[in-house]
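Encoded as structure tokens, the structure appears first; notes follow it.
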Amino acid sequence: MLGLEYQSKRGYIGLEYYGRTIGIKIMPSGIHMGQMESVLKQSDKQSRVHQLEQEFQGKMVLLGVDDLDTFKGVNLKVLAMEQLLKSHRSWIGRAVLVQILNPARGRGRDVEEIEEEIRSSVVRINQELGNSNYTPIVLIDKPLTLAEKAAYYTISEAAIVTAVRDGMNLTPYEYVVCRQGISGSDSSNSPQKSMLVVSEFVGCSPSLSGAIRVNPWNVESTAEAMYEAISVSDFEKEMRHEKHYKYVSTHDVGYWSRSFFQDLERTCADHFRRRCWGIGLGFGFRVVALDPMFRKLNTDAIMNAYGRAKNRAILLDYDGTLMPQSSINKRPSIEVISIVNRLCNDPKNTVFVVSGRGKEDLATWFSPCEKLGIAAEHGYFMRWQVDKEWETHAQNATFGWMQMAEPVMKLYTEATDGSSIERKESALVWHFQDADPSFGSAQAKEMLDHLESVLANEPVVVKSGQYIVEVKPQGVTKGSVAEKIFASMFKNERRADFVLCVGDDRSDEDMFVMIGDAIKAGVILHNKSVFACTVGQKPSRAEYYLDDTVEVINMLENLGDISEDSDTDSGSSS
Ligand SMILES: O=P(O)(O)OC[C@H]1O[C@H](O[C@H]2O[C@H](CO)[C@@H](O)[C@H](O)[C@H]2O)[C@H](O)[C@@H](O)[C@@H]1O
Numbered sequence: 299m300l301g302l303e304y305q306s307k308r309g310y311i312g313l314e315y316y317g318r319t320i321g322i323k324i325m326p327s328g329i330h331m332g333q334m335e336s337v338l339k340q341s342d343k344q345s346r347v348h349q350l351e352q353e354f355q356g357k358m359v360l361l362g363v364d365d366l367d368t369f370k371g372v373n374l375k376v377l378a379m380e381q382l383l384k385s386h387r388s389w390i391g392r393a394v395l396v397q398i399l400n401p402a403r404g405r406g407r408d409v410e411e412i413e414e415e416i417r418s419s420v421v422r423i424n425q426e427l428g429n430s431n432y433t434p435i436v437l438i439d440k441p442l443t444l445a446e447k448a449a450y451y452t453i454s455e456a457a458i459v460t461a462v463r464d465g466m467n468l469t470p471y472e473y474v475v476c477r478q479g480i481s482g483s484d485s486s487n488s489p490q491k492s493m494l495v496v497s498e499f500v501g502c503s504p505s506l507s508g509a510i511r512v513n514p515w516n517v518e519s520t521a522e523a524m525y526e527a528i529s530v531s532d533f534e535k536e537m538r539h540e541k542h543y544k545y546v547s548t549h550d551v552g553y554w555s556r557s558f559f560q561d562l563e564r565t566c567a568d569h570f571r572r573r574c575w576g577i578g579l580g581f582g583f584r585v586v587a588l589d590p591m592f593r594k595l596n597t598d599a600i601m602n603a604y605g606r607a608k609n610r611a612i613l614l615d616y617d618g619t620l621m622p623q624s625s626i627n628k629r630p631s632i633e634v635i636s637i638v639n640r641l642c643n644d645p646k647n648t649v650f651v652v653s654g655r656g657k658e659d660l661a662t663w664f665s666p667c668e669k670l671g672i673a674a675e676h677g678y679f680m681r682w683q684v685d686k687e688w689e690t691h692a693q694n695a696t697f698g699w700m701q702m703a704e705p706v707m708k709l710y711t712e713a714t715d716g717s718s719i720e721r722k723e724s725a726l727v728w729h730f731q732d733a734d735p736s737f738g739s740a741q742a743k744e745m746l747d748h749l750e751s752v753l754a755n756e757p758v759v760v761k762s763g764q765y766i767v768e769v770k771p772q773g774v775t776k777g778s779v780a781e782k783i784f785a786s787m788f789k790n791e792r793r794a795d796f797v798l799c800v801g802d803d804r805s806d807e808d809m810f811v812m813i814g815d816a817i818k819a820g821v822i823l824h825n826k827s828v829f830a831c832t833v834g835q836k837p838s839r840a841e842y843y844l845d846d847t848v849e850v851i852n853m854l855e856n857l858g859d860i861s862e863d864s865d866t867d868s869g870s871s872s
């Protein structure tokens with residue numbers, strides 16, 4: 299949604315946005331039941347009902363209540379009424395459309411034109427199909443009180459809403475409540491009837507499952523729906539009314555406001571313990587929420603813990619962690635190779651580079667680091683050290699989905715100058731780092747949605763990363779890499795008592811989450827020497843951050859020095 303990460307929570311959608319969860323839920327507002335009931339009790343409403351019952355005696359009234367504007371589809375409704383009478387001539391003289399036109403909220407040529415159009419249709423139809431005793435369409439274009447409108451609702455057999463675009467539109471709700479009447483009155487003891495014909499383009503339409511739904515642009519089918527509404531059996535009218543009244547009366551504004559406050563409390567429960575920072579200017583201004591425990595990684599603290607530990611797990615992401623994102627040459631520098639080697643050569647250490655990159659590049663680049671473990675393609679391939687075989691995540695995985703994903707990526711590549719496709723053994727990646735930034739990210743959001751729908755039934759996930767959209771097999775995450783490393787150390791009686799995990803992007807968050815799970819499961823000794831660290835200050839599951847790759851390299855260099863010193867010490871003492 300909007301290219302942002304979201305989860306389906308219980309009954310609503312939770313958007314993850316700069317460290318906060320934004321809850322999104324459809325709440326079809328509803329009416330104020332108390333207000334409606336007090337209107338129904340008004341004496342002038344009752345007397346107006348009696349007058350209208352006499353005025354329309356022997357007639358079946360279909361009712362429209364709309365504002366005078368271009369979107370309400372009033373003329374379409376009038377034309378549908380004409381069609382109903384022409385197709386079912388037995389209703390001529392018996393069916394009447396009463397159309398209440400609330401005064402326009404503004405004036406302008408479009409309003410004048412639509413008003414003129416409605417009037418001339420009504421005059422023409424009434425002349426053609428009416429007579430001195432029968433007016434097929436009654437247009438009421440003066441302001442009415444709610445009590446007067448309630449009287450019209452009460453005497454009408456069906457309410458017709460044919461808007462071509464609208465918001466919620468509570469006319470059908472008001473109609474249903476008026477047809478029910480007041481509890482305790484004589485009429486409310488006998489079963490009530492009501493029928494609704496509602497445009498599919500109106501907000502309330504999905505909530506009224508007993509309504510006859512129409513596309514108002516289709517005049518013939520709207521006419522048939524209006525005919526059905528007045529001619530079905532009384533029993534069916536009662537059943538539909540009962541269903542609607544039950545929903546409308548229980549889901550009023552009070553219900554939805556209580557529901558809203560419950561959701562608000564649940565969604566924000568966690569926000570109170572976060573620290574919020576305003577960053578950026580103008581349209582770029584954002585509120586970022588960070589955990590109060592989120593802090594800069596202290597070099598002394600990690601060096602002390604490192605020095606004390608006996609079994610260390612060190613998991614390092616590559617791009618954005620060991621390698622600056624801006625670097626053109628992506629090969630690790632001699633300095634990085636030397637630091638990684640120093641860490642690997644310490645027998646207390648299990649060191650892994652955990653990356654989304656392919657295994658050939660990583661193996662070539664880190665070939666001087668013989669004891670380094672490599673997890674490539676987010677862990678689809680893992681190798682414990684240079685002289686060991688590559689392990690594959692799933693032996694019998696199928697990749698037929700690539701033939702579905704690639705044409706979609708090609709479409710976006712053709713339309714987005716500077717973008718390209720990377721084919722890995724287990725994944726396909728669309729890159730847009732060299733495209734226009736805003737167009738590239740807009741295309742990426744659209745493509746992500748497109749791929750998710752095309753691949754909905756395939757065993758893959760579609761993820762966005764640093765200027766990439768990637769399709770990869772389900773279950774392949776850096777989190778499962780971390781899990782395997784901790785489990786293997788535990789099995790070999792080398793349970794980790796020091797964990798350093800550094801990464802910069804979304805895929806690395808899976809490792810941070812897994813570390814928490816491993817602590818709970820006891821696979822890692824305790825959490826005093828656990829350093830989950832993201833690169834850059836941003837919402838993260840990591841407790842620590844370092845500002846950039848330079849700080850990461852400096853910190854690793856310090857740890858490498860400790861290992862080298864202890865190696866020298868043990869060498870000299872032997
Ligand atoms: O897990 P990482 O080590 O962070 O790797 C993730 C992706 O790295 C590569 O993409 C990145 O580098 C590209 C330039 O070489 C750049 O265009 C892109 O924006 C970066 O995300 C790699 O190509 C991807 O397959 C990895 O998933």
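Position in the sequence shown counted from 1, then plus 298, gives you our numbering. Just so you know, even glycine gets a beta-carbon here, dropped at the ideal spot from N, CA and C.
Residue 591 lies in the beta strand (DSSP E); which residues open and close that run? The sequence position of residue 591 within the sequence shown is 293, counting from 1. Bounds of any beta strand (DSSP E) do not take in residue 591, whose DSSP letter is neither H nor E.
Boundaries (first-last residue) of the alpha helix (DSSP H) holding residue 741: Residue 741 sits at position 443 when you count from the first residue of the sequence shown. Residues 735–752.
So, with DSSP's three-state summary, where would you put residue 730? Indexing the sequence shown from 1 puts residue 730 at position 432. Residue state, collapsed to three classes: coil.
So, under 8 Å CB-CB, residue 613 and residue 650 are touching, yes? Tell me the CB distance rounded to an integer number of Å. In the sequence shown, the residue the question calls residue 613 occupies position 315. In the sequence shown, the residue the question calls residue 650 occupies position 352. Right, their Cβ atoms sit about 5 Å apart.
Residues bridged to residue 796 (per DSSP): For the purposes of this step, residue 796 is identified with residue 498 of the sequence shown, where counting begins at 1. DSSP output for residue 796 lists 610 as bridge partner(s).
Out of 723, 678 and 669, state which residue places its alpha-carbon closest to the alpha-carbon of residue 698. As a position in the sequence shown, residue 698 is number 400, starting the count at 1. Residue 698 has its Cα closest to that of 723, out of 723, 678 and 669.
Residues bridged to residue 761 [DSSP beta-bridge criterion]: Walking along the sequence shown from the start, residue 761 turns up at place 463. In DSSP, residue 761 forms a bridge with 768.
Measuring only from the beta carbon, is residue 691 closer than 7 Å to any heavy atom that is part of ligand 1? Residue numbering aside, residue 691 sits at position 393 when the sequence shown is read from its first letter. The closest heavy atom of ligand 1 lies 7 Å or more from the beta carbon of residue 691.
Per DSSP, cross-strand counterpart(s) of residue 697: Stepping through the sequence shown from its first residue, residue 697 is reached at position 399. For residue 697, DSSP assigns no beta-bridge partner whatsoever.
May I have the straight-line CA-CA distance separating residue 693 from residue 648, to the nearest angstrom? Your numbering for residue 693 matches position 395 in the sequence shown. Your numbering for residue 648 matches position 350 in the sequence shown. In this structure, the CA atom of residue 693 is about 25 Å from the CA atom of residue 648.
Specify whether the stretch 678–691 and the stretch 749–757 touch according to this definition: at least 3 beta carbon pairs, one from each stretch, less than 8 Å apart. Contact between the stretch 678–691 and the stretch 749–757 is absent, because fewer than three Cβ pairs lie under 8 Å.
Contact test: residue 672 Cβ vs ligand 1 heavy atom, cutoff 7 Å: By 1-based counting over the sequence shown, the position of residue 672 is 374. No, the Cβ of residue 672 stays beyond 7 Å of every heavy atom of ligand 1.
In this structure, how does DSSP classify residue 554 when only helix, strand and coil are distinguished? Against the sequence shown, residue 554 aligns to sequence position 256. Three-state DSSP puts residue 554 in a helix.
For residue 781 and residue 816, I'd like the C-alpha separation in whole angstroms. On the sequence shown, residue 781 is found 483 positions in, with the first residue counted as 1. On the sequence shown, residue 816 is found 518 positions in, with the first residue counted as 1. In a straight line, the C-alpha of residue 781 is about 7 Å away from that of residue 816.
Please report the straight-line C-alpha distance between residue 761 and residue 767, rounded to a whole angstrom. Looking up residue 761 in the sequence shown gives position 463. Looking up residue 767 in the sequence shown gives position 469. Their backbone Cα atoms lie some 6 Å apart in a straight line.
Would you decide whether residue 317 is buried or exposed? Buried here means 16 or more other CB atoms lie within 10 Å of its CB. Position 19 of the sequence shown holds residue 317. It is buried - the Cβ of residue 317 has at least 16 other Cβ atoms within 10 Å.
Could you round the C-beta distance between residue 362 and residue 372 to whole angstroms and report it? I think they count as a contact, below 8 Å. In the sequence shown, counting from the first residue as 1, residue 362 sits at position 64. In the sequence shown, counting from the first residue as 1, residue 372 sits at position 74. Approximately 7 Å separates the beta-carbon atoms of residue 362 and residue 372; this is inside 8 Å, confirming the contact.
Using only alpha-carbon positions, find the residue among 543, 661, 495 and 532 that is nearest to residue 522. The sequence position of residue 522 within the sequence shown is 224, counting from 1. 495 is the residue among 543, 661, 495 and 532 whose C-alpha sits nearest the C-alpha of residue 522.
Short check: CB of residue 709 to CB of residue 524, under 8 Å? Position 411 of the sequence shown, counted from the start, is the residue given in the question as residue 709. Position 226 of the sequence shown, counted from the start, is the residue given in the question as residue 524. Judged by beta-carbon spacing, residue 524 lies beyond the 8 Å limit of residue 709, meaning their Cβ atoms are not closer than that value.
Does residue 421 pass the burial test, meaning 16 or more other C-beta atoms within 10 Å, or should it be called exposed? Counting from 1 along the sequence shown, the entry for residue 421 is found at position 123. Counting every other CB atom within 10 Å of its CB across the protein chains shown gives residue 421 a total below 16, marking it as exposed.
Is the closest heavy atom of ligand 1 to the C-beta of residue 618 under 7 Å? Translated into positions along the sequence shown, residue 618 becomes position 320. The answer is yes for residue 618.
Opposing strand residues paired with residue 671 [DSSP bridges]: Taking the first residue of the sequence shown as position 1, residue 671 is located at position 373. Beta-bridge pairing links residue 671 to 650.
On the DSSP bridge list, what partners appear for residue 689? The residue you call residue 689 lines up with position 391 of the sequence shown. Paired residue(s): 680.
Along the chain, where does the alpha helix (DSSP H) containing residue 433 start, and where does it finish? The residue you call residue 433 lines up with position 135 of the sequence shown. Segment: none, residue 433 is in no alpha helix (DSSP H) and carries neither H nor E.
Can you tell me whether DSSP reads residue 872 as helix, strand or coil? Here residue 872 is taken as the residue at index 574 of the sequence shown, counted from 1. With a pLDDT of 42 at residue 872, under the threshold of 50, the modelled position of that residue is not reliable, and no figure is offered here.
Which of helix, strand or coil does DSSP assign to residue 640? Taking the sequence shown and counting its residues from 1, one reaches residue 640 at position 342. Helix at residue 640.
What residue from 631, 711, 473 and 326 has the CA that sits closest to residue 554's CA? To locate residue 554, count along the sequence shown from 1; it is residue 256. When C-alpha distances from residue 554 are compared across 631, 711, 473 and 326, the shortest belongs to 326.
Is there contact between the stretch 463–482 and the stretch 326–339, where contact requires at least three CB pairs shorter than 8 Å? Pairwise C-beta distances place the stretch 463–482 in contact with the stretch 326–339, as three or more of them are shorter than 8 Å.
Are residue 861 and residue 644 touching if we call contact CB-CB under 8 Å? In the sequence shown, residue 861 corresponds to position 563, counting from 1. In the sequence shown, residue 644 corresponds to position 346, counting from 1. Contact: yes.
Inter-residue Cα distance where the pair is residue 858 and residue 567: Position 560 of the sequence shown holds residue 858. Position 269 of the sequence shown holds residue 567. Whole-angstrom Cα-Cα distance: 42 Å.
In angstroms with no decimal places, state the Cα-to-Cα distance between residue 853 and residue 600. As a position in the sequence shown, residue 853 is number 555, starting the count at 1. As a position in the sequence shown, residue 600 is number 302, starting the count at 1. Residue 853 and residue 600 have their C-alpha atoms spaced approximately 9 Å apart.
Residue 833 and residue 813 look like a contact to me (Cβ under 8 Å); what is the Cβ gap, rounded to whole Å? Locating residue 833 in the sequence shown gives position 535, where the first residue counts as 1. Locating residue 813 in the sequence shown gives position 515, where the first residue counts as 1. Going by Cβ atoms, the distance from residue 833 to residue 813 rounds to 16 Å, so no, they are not a contact pair.
Is residue 502 helix, strand or coil when you go by DSSP? Sequence index remark: in the sequence shown, residue 502 carries index 204 (1-based). It is coil, neither helix nor strand.
Are residue 794 and residue 823 touching if we call contact CB-CB under 8 Å? Against the sequence shown, residue 794 aligns to sequence position 496. Against the sequence shown, residue 823 aligns to sequence position 525. Result yes, Cβ atoms of residue 794 and residue 823 sit closer than 8 Å.
Can residue 710 be considered in contact with ligand 1, in the sense that its beta carbon sits closer than 7 Å to one or more heavy atoms? For the purposes of this step, residue 710 is identified with residue 412 of the sequence shown, where counting begins at 1. Residue 710: no, Cβ never under 7 Å from ligand 1.
Taking 7 Å as the cut-off, is the CB of residue 803 close to at least one heavy atom of ligand 1? Here the question's residue 803 lines up with position 505 in the sequence shown. Yes, Cβ of residue 803 sits closer than 7 Å to a heavy atom of ligand 1.
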